[in-house]
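Residue numbers (the UniProt record's numbering): 1 to 205. Here a beta-carbon is modelled for each residue, glycine too, at the ideal position from N, C-alpha and C.
Written as structure tokens, this is what we have:
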């Protein structure tokens with residue numbers, strides 16, 4: 001329930017459709033979920049580059065960047081991780097309502113978290129991409145040395161080791177990211193995503 005002394009101004013500002021017409025694209029949230037080391041950030045960066053080359057205006061939200069700023073007061077308890085995703089979803093919705101395409105790269109390990117994000121953002125605008133990289137591959141990569149620390153007990157509640165990762169129950173797209181060459185994976189993502197973000201003037205009228 002909204003606080004009774006809060007008065008929103010959403011009815012006084014330019015609507016989403018006007019901004020999508022200006023940008024010639026449909027605002028969406030592309031939500032990459034998967035284990036640490038699965039390649040979410042790498043894929044997000046490559047996807048943004050390809051979309052930019054195709055004249056789409058995007059914004060990446062990434063776990064480390066968000067936790068060093070807007071969510072730097074949150075820890076890694078179950079409650080704080082849920083709040084982390086809630087804030088990200090709310091921020092994503094604000095961007096999306098400006099006609100911007102969001103590429104979100106977050107472990108978001110439980111279906112509860114992802115369902116909450118989907119509910120905030122909206123069913124039709126939430127494109128969940130499961131980056132399905134096996135745990136052993138993620139652990140072999142271990143670009144930040146986190147798995148090694150988790151195995152040594154230095155990091156508690158680490159997803160995949162001491163905390164579970166729940167497989168998405170109905171993702172928009174599932175990609176397997178085990179090859180060093182991600183070009184084919186990015187192309188696969190583009191083929192699925194382009195129809196969702198492509199500007200349709202008839203829909204916008």
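Candidates the options: closest to residue i by CA position
| i | options | result |
| --- | --- | --- |
| residue 168 | 198, 200 and 32 | 32 |
| residue 108 | 122, 158 and 20 | 158 |
| residue 95 | 110, 175, 183 and 19 | 19 |
| residue 164 | 135, 175, 68 and 174 | 135 |
| residue 180 | 192, 137, 61 and 148 | 137 |
Buried or exposed (CB count within 10 angstroms, at least 16 for buried), residue i
| i | result |
| --- | --- |
| residue 38 | buried |
| residue 150 | buried |
| residue 52 | exposed |
| residue 154 | exposed |
| residue 200 | exposed |
| residue 124 | exposed |
Proximity of residue i and residue j at Cβ, strictly below 8 Å
| i | j | result |
| --- | --- | --- |
| residue 26 | residue 194 | no |
| residue 186 | residue 46 | yes |
| residue 56 | residue 101 | yes |
| residue 87 | residue 70 | yes |
| residue 105 | residue 40 | yes |
| residue 63 | residue 133 | no |
| residue 182 | residue 54 | no |
| residue 141 | residue 128 | no |
Own chain residues within Cβ distance below 7 Å of residue i, not counting five before or after
| i | result |
| --- | --- |
| residue 97 | 16 and 27 |
| residue 166 | 109, 110 and 111 |
| residue 171 | 128, 129 and 130 |
| residue 90 | 120 |
Proximal residues to residue i (C-beta, below 6 Å), its chain only, five neighbours per side dropped
| i | result |
| --- | --- |
| residue 161 | 150 |
Same chain only: Cβ atoms within 8 Å of residue i, ignoring 5 sequence neighbours per side
| i | result |
| --- | --- |
| residue 78 | 157 |
Cβ-heavy atom distance, residue i to the ligand ZN, below 7 Å
| i | result |
| --- | --- |
| residue 122 | Questions concerning the ligand ZN fall outside what the structure shown contains, since it holds no ligand whatsoever. |
- Entirely enclosed beta strand (DSSP E) segments - the UniProt domain "APS kinase" (26 to 175), minimum 3 residues: Along the UniProt domain "APS kinase" (26 to 175), the beta strand (DSSP E) occurs as fully enclosed runs of 3 or more residues at 29 to 33, 58 to 62, 101 to 105, 126 to 131 and 173 to 175, listed in sequence order.
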